[in-house]
Amino acid sequence: MTFDWDLIWSSLGPLIGGAIKGTIPLTLASFSLGLILALIVALMRLSRNAVVSGVARFYVSVIRGTPLLVQLFVIFYGLPTVGVKLDPWPSAIIAFSLNVGGYAAEVIRAAILSVPKGQWEAGHTIGMSRGQALVRIILPQAARVSVPPLSNTFISLVKDTSLASLILVTELFRNAQQVAAFSQEFMALYLEAAAVYWVICLVLSSAQSLLEKRLDRYVAH
Amino acid sequence: MTFDWDLIWSSLGPLIGGAIKGTIPLTLASFSLGLILALIVALMRLSRNAVVSGVARFYVSVIRGTPLLVQLFVIFYGLPTVGVKLDPWPSAIIAFSLNVGGYAAEVIRAAILSVPKGQWEAGHTIGMSRGQALVRIILPQAARVSVPPLSNTFISLVKDTSLASLILVTELFRNAQQVAAFSQEFMALYLEAAAVYWVICLVLSSAQSLLEKRLDRYVAH
Amino acid sequence: SSGAGSSPSSSSSGGADTSLSDVQSKGELVVATEGTYKPFTYHEGGSGSLTGYDVEIAKAVAAKLGVKATFRETQFDGIFAGLEAKRFDMIANQISINPERSAKYDFSTPYTISPGVIVTKADDNSITSFDSLKGKTTAQSLTSNYYKLAQQSGANVQAVEGWAQAIALLRQGRVDAVVNDKLTYLDYTKTNPNAGLKIAAETADKSKNAFAFHKGATALVKAVDKALADLQSDGTLTKISMKYFGADVSK
Amino acid sequence: MLPTNDTPVLQVRDLAKAFGSNVVLRGIDLDVYRGKVVALIGPSGSGKTTVLRCLNGLEMPDGGTVAVGASAEGPAGGSAGRSAGTSSGLRLDFGAKVSGREISALRDRSAMVFQHYNLFPHMTVLQNVTEGPIKVQKRPRAEVVKEAERLLDRVGLLEKKDAYPFELSGGQQQRVGIVRALALKPQLLLFDEPTSALDPELVGDVLTVIKELAEEGWTMVIVTHELAFARQMADEVIFMDGGVVVERGPASEVLRDPQQERTQQFVRRLLHEF
Amino acid sequence: MLPTNDTPVLQVRDLAKAFGSNVVLRGIDLDVYRGKVVALIGPSGSGKTTVLRCLNGLEMPDGGTVAVGASAEGPAGGSAGRSAGTSSGLRLDFGAKVSGREISALRDRSAMVFQHYNLFPHMTVLQNVTEGPIKVQKRPRAEVVKEAERLLDRVGLLEKKDAYPFELSGGQQQRVGIVRALALKPQLLLFDEPTSALDPELVGDVLTVIKELAEEGWTMVIVTHELAFARQMADEVIFMDGGVVVERGPASEVLRDPQQERTQQFVRRLLHEF
Ligand SMILES: Nc1ncnc2c1ncn2[C@@H]1O[C@H](COP(=O)(O)OP(=O)(O)OP(=O)(O)O)[C@@H](O)[C@H]1O
Ligand SMILES: Nc1ncnc2c1ncn2[C@@H]1O[C@H](COP(=O)(O)OP(=O)(O)OP(=O)(O)O)[C@@H](O)[C@H]1O
Ligand SMILES: [Mg+2]
Ligand SMILES: [Mg+2]
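Chains as they are written, first to last, in the numbering used here: chain L, 549 to 769; chain G, 549 to 769; chain S, 23 to 273; chain D, 17 to 290; chain V, 17 to 290.
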């Protein structure tokens, strides 16, 4: 393979621009909202009320069982036919948040279950309600175990955001495709895009390590 | 949304055909090979040899850090330029196996690490070598903890195989696109495809429950 | 599309041009096409056999060469990469000739010559020409020539994967216009007569669409050109064109 | 030992609890007077932990009554006040419907020390101790911290106040667990085998702390397997088996000269005389 | 107790081990004669477990020699044969380079019983016991199973042979752990606090089994905190502290009338006299 290095160099700007204006904000916004949603869904799944936990289970099953592309399409192209017309960015953020919500809910649920029952009881014995014990005792501990699996969800999300180009959100991969389409250098541009994604993921992974270290300060090594 | 139910009904055959001839065999083959690869990579990651574990770490980082689409692209369209020309199916299976290998390696590594050190020692004390202890004592226990996270990888794979159409492998989603292109009813077809994926994932999830139950027979409930 | 392994010609970049002899010795012409671009390349009834204007012409060309046409269906993203990787002998997918492509690939003589059109909603009178696209929003396929054209006209261009999405955006009022080739639009209105769309303007220049080959496949291009000329003169191209468009767009 | 008054701090009558079809407690009666120590002994599965959990509102009994008296909180000799509302008596009848609010009122009167400490691993020693008083009882932080430091000092752990639990030995963790309970100023301290998860050498330190609390006049119910300790400390020893009280009485009698055969057997087994 | 012969089954000289800069063992000497029981006592962190782990090849010592004698395997009075090659003596000098093969030969001479049992949770009781003899020692399955069943019967667990470990109490699990070690027919049994993870009531059963093994003539090194038990069983008691042997001698002397102050302190603490 021989590459047109000038092209690669000159397209680095648009690619990084796409990452900064599209990929990264889209990832961060969707992940934050998705986590909140996931926490709610995880708590619903853990509810003793069969209807509540059934709804949550159904949601998770649909989100995980169907392609993200279809989810995006339904929200952007499908909802207008029932009168709900959302702009590309809101559509994308909603779709990705719903997706993260489904995947991360299972992670968070498992993390909550992994905190020993004795911690709930210790919370109760100092007078805490279920809610207080959840917030002050259980979730801080669940956070620690859920960082590695959530970082998987996060890293997948970074790359999945490329699908947003299907609903008119311009991001890293779309810019690569654009340059590729005009220069006909598909392989070079795709490799370049992959390299940019890789750098983003490397940065994120080191952020993950830092976070883990911070959360691990109260654990024996 | 109003649907052309005749179209949906008549296209069910091709979609299911695509699942049976493309999606499902591709998923099963790639997952099996990917698991073997993942086990090797996981053991390499756990090796005390810095070079060996470094190679494995690099592999995992590249696989997880770059888009699957690019990985497929490189193997199918890139390798021929250096003289390696593989058929679509082998290319797809290799690409997806490599991908599963990267993601599942981390799961398996974590599962192996989750088996208490005392199990290795109990193995040694009855005279086992590291390899014997790994195979007879550690892996059977690691299998149990790794089923839920691996099933995530598996379910993602089912849907990711739709990318195989990029390298000439016909599967479920490609068939949906074909019908959509002809009928211009892409929303209906995409939803239908999503429904088929969902059914596949539901079936797989119940297989997962069965497997977990089987592996859980030696654990207190 | 199975058995793509029987690889197409490994014609030379350095040595002699074996592009034609390779095709002849294999007895097949490996043709890349999307299979999801009606009416040029699509599946009959959605899931039947591959057909369409480009497909039929490619078959006729192969027959003239005395070989079989073997189609490989791929997404547009992979189509040129596959040509460069020599997985295909040629592309039959309404590839329009432009300077960038000409620099990288060889082209046959065009077999589709047709104008581009601006499609708008039937009740929209604000767009009457390419000049009036300025400040409007259009939806274009990234890989089509019309993307550039719309951009040059000052439109705010949204890239989409294909016609179906572009038209959905237009009908939902999310874009003001779609610039595409006329033939696709005509085919669409045939199946969706009540779409509420219209042609607001046509391009002055007609775009020329042709088969694409790897650079240096001169012998093969020559043979294909000869076949196309024969098909033109014996009326086959006109016949195929009439079948799909009710008009002769092949010249 | 301080003088005791006549109304018990804790009065349990006919307490019953089943898990599904497994009847775990039947007809448990219990009177604990101010400043007294009751030791609960019995074989594994006899229901000792379940009794404590019912008293602390961690388990909902199926029947019976639990009354926690109106007497002042804290050690019998102490004078510290607790959050409003605890000064009146509380009586729950589990034969009738009991609300969540009543359960939590019951929980507020007692504090539990767990076998496995159950410290909050993400909080420092001081945070573990002050969490309940500050966040739940809403007492002023400065006052709570001062009191917590005094208590930590008493068990010899003041210099560990900023350590995390994992940095402490088991014995130190359990002493923090005890301080966490004391900081709540409960009327009643419940100990569930507080030393049985400890290294043998560390048992002594924890038992010493408990002994001092008893001498200060705290009212306590202790589940323990340390018979020598129970003999020294307890005012009353209750031997349970199969969910019922088999024998009860002064420590010296029940432990030195048990009347029931099951009690004799149990005591012999525990001293593993072979 | 059976008569003993003069060459020790185990002879350790000047054993040393450090983890990084943390010197954990220094100059440890140990002679264990056939059919004798040596009890290792000492405070937490003194290095007792590390000694056993060095003897079982789970830890690589930094210096010193370990010799396991050429005497017959199994209990001193027994006659069962073990796989070929163990009948000759083995002597490892950790001052020089020791190969993995030698370490595994050392490991083959002894068997360890762990504090936390470390049974294989995915195998039944019988599989736990037969795994080593069948898969590692390659002895014939039928013979191994018969022997395993005999041993399980001896500790009263024959009817549990198809149960999984999670279905057993701690005491039952530890008895399986002992049988698993016995089934290997080692020359030397190593016990690392075999009862300290057990419920107090279950301790007796396990101690009884160990006592019977001693009476049968097995050669053993036991780390334990059960001083009463050590006094009854051990031929020699070794008190370690800070990685060195502080005091050694007949059980009656070391435990009843320790000479060293550190030993006295330790013994007093363990009996938590307060
Ligand atoms: N949450 C629960 N669900 C079902 N059964 C339970 C539960 N908690 C306890 N039990 C059962 O109740 C009985 C009494 O248990 P409990 O823990 O009170 O005994 P214990 O006397 O504290 O024993 P130990 O000395 O082992 O701690 C046992 O049979 C136990 O299996
Ligand atoms: N794998 C290891 N890495 C580093 N240090 C270790 C390791 N194993 C043991 N140590 C250290 O070696 C010392 C002796 O430990 P060891 O477990 O032998 O003591 P012990 O006498 O068995 O104590 P206990 O009664 O608590 O079991 C301790 O300081 C311990 O921290
Ligand atoms: Mg209990
Ligand atoms: Mg130890």
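We put the beta carbon where it would ideally sit given N, CA and C, even for glycine.
Leaving aside the five residues before and after residue i along the sequence, list all residues of the same chain whose C-beta is less than 6 Å from its C-beta, in chain order.
i                            : result
leucine 198 of chain V       : Leu167
glycine 650 of chain G       : Val608, Ile611, Arg612
glycine 94 of chain V        : Unreliable positioning characterises glycine 94 of chain V in this predicted model, as indicated by a pLDDT of 42, which lies under 50. A coordinate reading is not provided.
methionine 17 of chain D     : Residue placement at methionine 17 of chain D is poorly supported in this model, since its pLDDT is 38, which falls under 50; the coordinates still yield a value, given next. Closer than 6 Å at Cβ, skipping near neighbours: no residue.
glycine 148 of chain V       : Leu200
phenylalanine 136 of chain V : Asn144
lysine 559 of chain L        : Looking at the sequence provided, one finds serine at residue 559 of chain L rather than lysine. Around serine 559 of chain L: Val727.
leucine 191 of chain S       : Ala161, Val197
Taking 8 Å as the cut-off, is the C-beta of residue i nearer than that to any heavy atom in ligand 3?
i                        : result
aspartate 208 of chain D : yes
alanine 65 of chain D    : In the sequence under discussion, the amino acid at residue 65 of chain D is threonine, which differs from the alanine named in the question. Checking the Cβ of threonine 65 of chain D against ligand 3 gives yes.
serine 645 of chain L    : no
serine 60 of chain D     : yes
Heavy atom of ligand 4 less than 8 Å from the Cβ of residue i, yes or no?
i                        : result
serine 185 of chain D    : no
glutamine 131 of chain V : yes
serine 710 of chain L    : no
Which residues in the same chain as residue i place their Cβ atom closer than 7 Å to its Cβ, once the five residues preceding and following it in sequence are excluded?
i                         : result
isoleucine 556 of chain L : Ala736, Glu740
glycine 25 of chain S     : Unreliable positioning characterises glycine 25 of chain S in this predicted model, as indicated by a pLDDT of 39, which lies under 50. A coordinate reading is not provided.
aspartate 764 of chain L  : Arg692
threonine 150 of chain S  : Ala222, Ala223
leucine 698 of chain L    : Ala652, Val655
isoleucine 660 of chain L : Ala590, Leu594, Ile686, Ala690
For residue i, is the beta carbon positioned less than 8 Å from some heavy atom of ligand 2?
i                         : result
valine 239 of chain V     : yes
methionine 76 of chain V  : no
glycine 679 of chain G    : no
methionine 128 of chain V : no
Which bits of chain V does residue i rub up against, with CB to CB less than 8 Å?
i                       : result
arginine 285 of chain D : Glu217, Gly220
Residues in its own chain within less than 8 Å of residue i by CB, not counting five upstream and five downstream?
i                         : result
isoleucine 135 of chain S : Lys228, Ser229, Lys230, Asn231, Val271, Ser272, Lys273
valine 767 of chain L     : Arg692
tyrosine 738 of chain G   : Ala724, Ala728
glycine 104 of chain S    : Ala54, Arg94, Thr96, Phe110
Show which residues of chain V have a CB atom less than 9 Å away from the CB atom of residue i.
i                     : result
serine 212 of chain D : Asp215, Pro216
Check the Cβ of residue i against every Cβ in chain S and list those closer than 8 Å, keeping chain order.
i                         : result
methionine 735 of chain L : Ala103, Glu106
Residue i touches chain S at which residues, Cβ-Cβ below 9 Å?
i                     : result
lysine 633 of chain L : Gln194, Gly195, Arg196
Do residue i and ligand 1 come close, with the Cβ less than 8 Å from some heavy atom?
i                        : result
asparagine 38 of chain D : yes
threonine 673 of chain L : no
Applying a beta-carbon distance threshold of less than 7 Å, which residues of chain S neighbour residue i?
i                       : result
leucine 716 of chain L  : Gln180
serine 713 of chain G   : Gln97
arginine 657 of chain L : What arginine 657 of chain L touches in chain S: nothing, since even the nearest Cβ is about 36 Å away.
List the residues of chain D that residue i touches, going by C-beta distances under 7 Å, in chain order.
i                        : result
serine 60 of chain V     : Asp215, Glu217
histidine 241 of chain V : Pro216
What residues of chain L sit near residue i, judged by a beta carbon separation below 7 Å?
i                       : result
arginine 123 of chain S : Gln732
Please determine if the segment 206–217 of chain S and the segment 78–97 of chain S are in contact, where contact requires at least 3 C-beta pairs separated by less than 8 Å.
Between the segment 206–217 of chain S and the segment 78–97 of chain S, the count of Cβ pairs shorter than 8 Å is below three; the stretches do not touch.
Check whether the segment 39–58 of chain D and the segment 244–260 of chain D are in contact - that is, three or more C-beta pairs closer than 8 Å.
With a cut-off of 8 Å, the segment 244–260 of chain D and the segment 39–58 of chain D count as touching, because enough Cβ pairs lie within range.
Quick check: the segment 705–722 of chain L against the segment 598–608 of chain G, are at least 3 beta-carbon pairs closer than 8 Å?
No: the two stretches stay apart, fewer than three of their Cβ pairs being nearer than 8 Å.
Inter-stretch contact (C-beta, 8 Å, three-pair minimum) for the segment 42–58 of chain S and the segment 202–210 of chain V
Contact between the segment 42–58 of chain S and the segment 202–210 of chain V is absent: fewer than 3 CB-CB pairs across the two stretches fall below 8 Å.
Flag this pair as touching only if the segment 130–148 of chain S and the segment 247–263 of chain S have three or more C-beta atom pairs under 8 Å; answer yes or no.
Taking one beta carbon from each stretch, the segment 130–148 of chain S and the segment 247–263 of chain S have 3 or more pairs nearer than 8 Å; the two touch.
Cβ contact check for the segment 177–188 of chain V and the segment 128–142 of chain V: 3 or more pairs under 8 Å
Here the segment 177–188 of chain V makes contact with the segment 128–142 of chain V; the two share three or more CB pairs at distances below 8 Å.
Counting pairs of Cβ atoms below 8 Å between the segment 206–218 of chain D and the segment 25–35 of chain D, do you hit three or more?
The segment 25–35 of chain D and the segment 206–218 of chain D do not touch, with fewer than three beta-carbon pairs separated by less than 8 Å.
Using 8 Å as the Cβ pair cut-off and three pairs as the minimum, do the segment 118–130 of chain S and the segment 64–79 of chain S touch?
Taking a cut-off of 8 Å on C-beta distances, the segment 118–130 of chain S does not touch the segment 64–79 of chain S, as fewer than three cross pairs fall below it.
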